[in-house]
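Residue numbers (our numbering): 141 to 414.
By construction, the Cβ of each residue, glycine as well, lies at the ideal position given by its N, Cα and C atoms.
All values reported here derive from a predicted model rather than from experimental measurement.
Taking it in order: structure first as structure tokens, then the write-up.
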């Protein structure tokens, strides 16, 4: 991996998150280049991480390059069609982080190369991401290993058994940070309404969520057992949990089902557009 070259097509928020995580994981910044039509975004990435900034015009790629498609899904046909010759000539590994674009659509645009689809989330930028991967049929073990190693440098990397699982994985891990931020916001607002100062309520809510998540990560016990350990019959925790239990489980299911269904709808619509 030390001589590997990484190329990003796109310079948006997800490209930034991945570049930050990959660099934090120890990959040499000078072996990363970003191609995009936005000079300010490219320059900001180059200044922040020390990577190479290039314009969006297709050019020869390093042999065996790992190419991340990190532009908007609606731009995929134009971008990949323009780069298709260079991708095939370099025998590149194409890693798509475009939400909703299925592997079959990618193969139509760029046939005869290895393709891996990845759904990262925004905590990748601090090395605490949760990403899911699925590979097109026939992708080499070497390319799968390269993709996994890079994604692992940004946090957790989970291979899915099939691409159909990607919609639910997107609903859980891809969209999940927003759910957590909303939960933090709700806890903070409720605590302020109950008399705490806002900055204090925010610190307490964040530290509590962080600590509970880390305890769950380090423990061999299931979350249900950890919950039971801090819940005394008739105590304050039991009273609070009783209120949560009224709505939390069905709400979580509705949220994931809704996000998963929307992921499927977007994929169908994008496939028609491609």
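### Query
Mapping DSSP to helix, strand and coil, what is residue 400?
helix
### Query
Cα separation between residue 159 and residue 177?
18 Å
### Query
In three-state terms, what does DSSP make of residue 175?
strand
#### Entry: Cβ distance (whole Å) where residue 256 is taken to contact residue 219 below 8 Å
Between residue 219 and residue 256 the Cβ distance is about 17 Å, and since that is not below 8 Å, they are no contact.
### Query
Quick one: complete alpha helix (DSSP H) runs, 4+ long, within the segment 183-212?
none
### Query
Does the pairing of the segment 293-308 with the segment 320-334 give three or more beta-carbon distances under 8 Å?
no
### Query
Excluding five sequence neighbours on each side, which residues of the same chain lie with their C-beta closer than 7 Å to the C-beta of residue 268?
295
### Query
Leaving out the 5 sequence neighbours to the left and right, which residues in its chain are closer than 6 Å to residue 210 when beta-carbon positions are compared?
148, 150, 154, 155 and 237
### Query
residue 233 and residue 287: beta carbons closer than 8 Å?
yes
### Residues that DSSP places opposite residue 299 in a beta bridge
273
### Message
How far does the alpha helix (DSSP H) with residue 315 in it extend, from its first residue to its last?
### Response
Per DSSP, residue 315 belongs to no alpha helix (DSSP H) and is neither H nor E.
### Query
Candidates 180, 221 and 225: which alpha carbon is nearest residue 202's?
225
### Task
Would you please state the rounded distance, in angstroms, between the beta carbons of residue 174 and residue 191? I believe it to be under 8 Å.
6 Å
### Query
Excluding five sequence neighbours on each side, which residues of the same chain lie with their C-beta closer than 6 Å to the C-beta of residue 345?
324, 327 and 328
### Query
Secondary structure at residue 146, three-state DSSP: helix, strand or coil?
strand
### Message
Rounded to the nearest angstrom, what separates residue 351 and residue 360 at their Cα positions?
### Response
16 Å
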